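Peer 1: The opening residue of the sequence shown carries number 46 in the working numbering; numbering runs sequentially from there.
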Amino acid sequence: MKRNLLRLALACALAGALMLAPVASAQFSIRFLTISTGPVGGEWYVLGGILSEILKPALPGVRVTATTGGGVANLSTVASAKSDIGTTQDQLLFEARKGMGDFADNPLTNVVGLCYLADIYMSVFLVREDMNINSLDDIAARKMPIRILTAPQGSTPSRAAERMLAEYGVTPESLKSWGGSLGYVSYADASSMIRDGHADAYCGPIMPAIIELTVSRKMKMLPVKQAVLEAMNEKHAYGIAVIPKGAYDFVKEDTPVMTESPVLIVRDDVPEDVVYAVTKAIAENAEKIQAAGATYFGFTAEIMPKLAGGPIHPGALKYYQEMGWVK
46 MKRNLLRLAL ACALAGALML APVASAQFSI RFLTISTGPV GGEWYVLGGI LSEILKPALP
106 GVRVTATTGG GVANLSTVAS AKSDIGTTQD QLLFEARKGM GDFADNPLTN VVGLCYLADI
166 YMSVFLVRED MNINSLDDIA ARKMPIRILT APQGSTPSRA AERMLAEYGV TPESLKSWGG
226 SLGYVSYADA SSMIRDGHAD AYCGPIMPAI IELTVSRKMK MLPVKQAVLE AMNEKHAYGI
286 AVIPKGAYDF VKEDTPVMTE SPVLIVRDDV PEDVVYAVTK AIAENAEKIQ AAGATYFGFT
346 AEIMPKLAGG PIHPGALKYY QEMGWVK
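(1) With contact counted as at least three CB pairs below 8 Å, one residue from each stretch, are the region 227-241 and the region 271-280 in contact?
(2) Hey, out of 290, 118 and 73, whose CA is closest to residue 298's CA?
(3) Can you tell me whether residue 197 is buried or exposed? The criterion is at least 16 other CB atoms within 10 Å of its CB, across all chains shown.
(4) Which residues does DSSP list as the beta-bridge partners of residue 284?
(5) Please classify residue 140 as buried or exposed, where buried requires at least 16 neighbouring CB atoms within 10 angstroms.
(6) Cα separation between residue 92 and residue 249?
(7) Measuring straight from C-alpha to C-alpha, what distance separates residue 324 and residue 155?
(8) For residue 295 and residue 171, which I take to be in contact (beta-carbon distance under 8 Å), what is that distance rounded to the nearest angstrom?
(9) Count the CB pairs spanning the region 239-253 and the region 205-218 that are closer than 8 Å, and state whether there are at least three.
(10) Enumerated in chain order, which unbroken segments of the alpha helix (DSSP H) with a length of 4 residues or greater are wholly contained in the region 129-197?
(11) Mark residue 231 as exposed unless 16 or more other C-beta atoms lie within 10 angstroms of its C-beta, in which case mark it buried.
(12) If you pair each beta-carbon of the region 251-262 with each one of the region 97-113, do three or more pairs fall below 8 Å?
(13) Quick check on residue 134: buried or exposed, where buried means 16 or more other Cβ atoms within 10 Å of its Cβ?
(14) Under DSSP, the alpha helix (DSSP H) around residue 249 begins and ends at which residues?
(15) Looking only at C-alpha atoms, which of 270, 360 and 236 sits nearest to residue 85?
(16) Below 8 Å, can you find three or more Cβ-Cβ pairs linking the region 91-105 to the region 322-336?
(17) Taking C-alpha atoms, which residue in 88, 333, 347 and 356 lies nearest to residue 202?
(18) Which whole-angstrom value is the C-beta distance of residue 83 and residue 132, which I expect to be below 8 Å?
(19) Which residues share a DSSP beta bridge with residue 109?
(20) Do residue 213 and residue 185 count as a contact pair if the criterion is CB distance below 7 Å?
(21) Rounded to whole angstroms, what's the CA-CA distance from residue 69 to residue 118? Just pull it up for me.
(22) Quick check: residue 343 and residue 253, are their CB atoms within less than 7 Å of each other?
(23) Hey, would you say residue 146 sits closer than 7 Å to residue 355, going by beta carbons?
(24) Return the first residue and the last residue of the beta strand (DSSP E) that residue 115 is part of.
(25) CA-CA distance, residue 168 and residue 72?
(26) Does the distance from the CB of residue 360 to the CB of residue 308 come in under 7 Å?
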């Protein structure tokens, strides 16, 4: 009798263990979560690694992976379910949902906002100090054979660089005809190529790899004239901000620049409980997000709902409402 009772107790314990065992791993209905970020050497790439580490304990049983990408490409990648979350710009989210610009033939209405991250400086133009150039107007006026590098083709920064340079009459085709070029590379490659004398200038956001370049090679920053900044604002909705003197060694005076707002996007069919957990984890680890780079030093959880490019995913909205940040 005792032996039978013992067997029954063991059987019940085993059954209970089997019932409880999958609870942690089956908490969410998905098994994989992929985050598309930016090129190697950039802050988005660093942010992707940080997000992976933040989200793994917040999503038990879900394999979280960060991959490279770009602001424009990530919208399509998320929309087509090749990834679930991505970094992009608020302005690009707006264009994608409205079917504007690159998305004129294919509006991406299933991509929505998850959280706002910061304002970043776009299309800063740095050139080797030994180059005989003091104005961006000089490039077209003198038909300079200058070798300019920007971010990988299709990325948000490369698109911004192309648009800004075009306002000065500088295009990839015109540069080629003058003996120069516009190259599309990672931030790390841009840094090493200019340092080693294989390129002359960089047009893009201020990234860790670019700051490292300015330590090993003397670079000067060429200002963007007000008329170009205003044109970029009117045509493409880029913001305008001022980099204060001394913010970086190469900023010798208060300098107006274009800005865009990096955001996290998510597909609208990603489960609400997953997006809620992601949003909560990011908000509770603001100091880790700040470590992604200088762009995010001012990041706080309270700015996360500050999205303007499209609607907020219900899972994220639920968290923001619970915190009292939105109605």
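For glycine and all other residues, C-beta sits at the position ideal for the given N, C-alpha and C.
For clarity, every value in this text was computed on a predicted model and none was experimentally measured.
Peer 2: Reading off the structure:
(1) no
(2) Translated into the one-based positions of the sequence shown, residue 298 becomes position 253. It is 290.
(3) Reading the sequence shown from its first residue, position 152 is the one you call residue 197. Looking at its Cβ environment, which holds 16 or more other Cβ atoms inside 10 Å, residue 197 is buried.
(4) In the sequence shown, the residue the question calls residue 284 occupies position 239. For residue 284, which the question treats as bridged, DSSP gives the partners 304.
(5) The residue you call residue 140 lines up with position 95 of the sequence shown. With 16 or more other Cβ atoms within 10 Å, it is buried.
(6) By 1-based counting over the sequence shown, the position of residue 92 is 47. By 1-based counting over the sequence shown, the position of residue 249 is 204. Whole-angstrom Cα-Cα distance: 18 Å.
(7) The residue given as residue 324 occupies position 279 in the sequence shown. The residue given as residue 155 occupies position 110 in the sequence shown. Cα to Cα, residue 324 sits roughly 19 Å from residue 155.
(8) Counting from 1 along the sequence shown, the entry for residue 295 is found at position 250. Counting from 1 along the sequence shown, the entry for residue 171 is found at position 126. About 6 Å separates the two Cβ atoms, so the contact holds.
(9) The region 239-253 is in contact with the region 205-218.
(10) Complete alpha helix (DSSP H) runs here, min 4: 135-143 and 182-186.
(11) Your numbering for residue 231 matches position 186 in the sequence shown. Residue environment analysis places residue 231 among the buried positions, since at least 16 neighbouring C-beta atoms fall within 10 angstroms of its C-beta.
(12) no
(13) Here residue 134 refers to the residue found at position 89 when the sequence shown is read from its first residue. It counts as buried.
(14) In the sequence shown, the residue the question calls residue 249 occupies position 204. Premise fails: residue 249 lies in the beta strand (DSSP E), 246-249, not in any alpha helix (DSSP H).
(15) In the sequence shown, counting from the first residue as 1, residue 85 sits at position 40. Answer by Cα proximity: 236.
(16) yes
(17) Locating residue 202 in the sequence shown gives position 157, counting from the first residue. Of the listed residues, the one whose Cα sits closest to residue 202 is 88.
(18) As a first step, residue 83 must be located in the sequence shown, where it is residue number 38. As a first step, residue 132 must be located in the sequence shown, where it is residue number 87. Indeed, because the Cβ distance is near 6 Å, the residues count as touching under 8 Å.
(19) For the purposes of this step, residue 109 is taken as residue 64 along the sequence shown, with counting starting at 1. Partner(s): 78.
(20) For the purposes of this step, residue 185 is taken as the residue at position 140 of the sequence shown. For the purposes of this step, residue 213 is taken as the residue at position 168 of the sequence shown. Yes, they are a contact pair.
(21) Residue mapping note: residue 69 aligns to position 24 of the sequence shown, counting from 1. Residue mapping note: residue 118 aligns to position 73 of the sequence shown, counting from 1. Its pLDDT being 39, under 50, residue 69 is placed unreliably by the model, and nothing is read from it.
(22) In the sequence shown, residue 343 corresponds to position 298, counting from 1. In the sequence shown, residue 253 corresponds to position 208, counting from 1. In this structure, the beta-carbon distance from residue 343 to residue 253 does not fall below 7 Å.
(23) Here residue 146 refers to the residue found at position 101 when the sequence shown is read from its first residue. Here residue 355 refers to the residue found at position 310 when the sequence shown is read from its first residue. No, Cβ-Cβ distance for residue 146 and residue 355 is not below 7 Å.
(24) As a working mapping, residue 115 is identified with position 70 in the sequence shown. Counting along the chain, residue 115 falls outside any beta strand (DSSP E), and DSSP gives it neither H nor E.
(25) Taking the first residue of the sequence shown as 1, we reach residue 168 at position 123. Taking the first residue of the sequence shown as 1, we reach residue 72 at position 27. Going from the Cα of residue 168 to the Cα of residue 72 covers about 43 Å.
(26) Position 315 of the sequence shown, counted from the first residue, corresponds to residue 360. Position 263 of the sequence shown, counted from the first residue, corresponds to residue 308. No, the pair does not count as a contact, with Cβ atoms beyond the cut-off.
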